[in-house]
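Residue numbering for the sequence shown follows the numbering used here, beginning at 6 and increasing consecutively.
Using N, Cα and C, we set each Cβ at its ideal position, and we do this for glycine too.
All values reported here derive from a predicted model rather than from experimental measurement.
Have a look at the structure below, then the notes.
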Amino acid sequence: MRPGSFDPIGVLWHHTASTSSASNPHPALGICINGRSDLPGPLCQALVDYNGVFHVISAGRCNHAGVSGGSGPIPAGDGNTLMIGWEIDYNGVSQEMTSAQYSASLAATAAVLTRLGRDSSYARGHRETSTTGKIDPSFIDLNVMRADVAARMAGGGGTAWSSTVDNTTSGRFTASANWGVSSYSSQRYGADYRYADPVAASDVAWYRFNVPATASYRVEAWWPANSGYNSAAPYVVATSAGNQTVRVDQRATGGQWRVLGTFTLPAGDANRVGVSRWSNTTGLVIADAVRLTRV
6 MRPGSFDPIG VLWHHTASTS SASNPHPALG ICINGRSDLP GPLCQALVDY NGVFHVISAG
66 RCNHAGVSGG SGPIPAGDGN TLMIGWEIDY NGVSQEMTSA QYSASLAATA AVLTRLGRDS
126 SYARGHRETS TTGKIDPSFI DLNVMRADVA ARMAGGGGTA WSSTVDNTTS GRFTASANWG
186 VSSYSSQRYG ADYRYADPVA ASDVAWYRFN VPATASYRVE AWWPANSGYN SAAPYVVATS
246 AGNQTVRVDQ RATGGQWRVL GTFTLPAGDA NRVGVSRWSN TTGLVIADAV RLTRV
């Protein structure tokens, strides 16, 4: 425990920037316990490893938050006093949190906030409170994560099925040779993304999902934004009632998950979401990553 006051009112989420795996599930655990040469430990109250195991490190004040610039109901001030923090052990650049980590984080956040007598708005990401440009936790829509915490706190119970397909996911993404490959934008999901000129033809880049049951699913897309990209890029969702098209402005709101809508999808392994080139506006059409979550 670090010296100083500790009167938490909320939870702060981080990622470690270490690459975890099934064979090395908690590479940052030692650092989180012992600290670094420039910052003494403990560096968080707990660490969530690759398999969703929750490693409790400290019950007291830790060096995890620095100065809070304020976010939602969390005021500006000493973040180490204001918030309980845990590190989710993934690198946040080429790796997102696993479904096990996500589920464990939801459960722990719901339990802590219930104990504190606070609602889900008191859970924040470090990138929301940081005054020094922190990006953690990456590859997650924090508003969606808070909504999932709220559902847990309301007695929502079990883990929602969720699956992500990137343009590099083996056997899960298909596109014609008309779709180029680029790593130009730092807002990309993973190593690269695909791009194509708009034409008066569909030429869909498809994302294949093995949907576990016919039910309602939230469909989200990730794209890097650029002024030269398409203002009405068409996403095609293959629903139980037929294909539905949602057009998005890929010139803006990039580098994060954006909700396309909630749709009833049929069970089975098939192409479920695609990005079409059939846009009547100028600018490259981008295909990067798509996520489905059962709701």
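Query                                                                                         : Result
Meets three-Cβ-pair contact criterion under 8 Å: the stretch 203-214 and the stretch 168-180  : yes
Run of the beta strand (DSSP E) containing Val280, from where it starts to where it stops     : Gly273 to Val280
Residue(s) in a DSSP beta bridge with Ser73                                                   : Gly82 and Ser135
Cα-Cα separation, Ser125 to Ala115                                                            : 7 Å
Unbroken alpha helix (DSSP H) run spanning Asn68, endpoints                                   : Looking at the DSSP string, Asn68 is not in any alpha helix (DSSP H), and its letter there is neither H nor E.
Close beta carbons around Gly65, own chain, < 6 Å, minus the five adjacent residues each side : Met6 and Phe11
For Tyr189, the residue or residues it bridges with in DSSP                                   : Bridge partners of Tyr189: none, in fact.
Alpha-carbon spacing of Asp141 relative to Cys49, whole angstroms                             : 14 Å
Secondary structure of Gln106, DSSP reduced to three states                                   : helix
Beta-carbon proximity of Gly143 to Glu92, cut-off 9 Å                                         : It is Ser, not Gly, that sits at residue 143 in the sequence shown. No.
Euclidean distance between Cα positions of Thr267 and Tyr222                                  : 5 Å
C-beta contact flag for Ser284 and Val241 at 9 Å                                              : no
Buried or exposed (CB count within 10 angstroms, at least 16 for buried), Asn215              : exposed
Residue range of the beta strand (DSSP E) that includes Ala210                                : Ala210 to Val216
Exposure of Arg157, with buried meaning 16 or more beta-carbon neighbours within 10 Å         : buried
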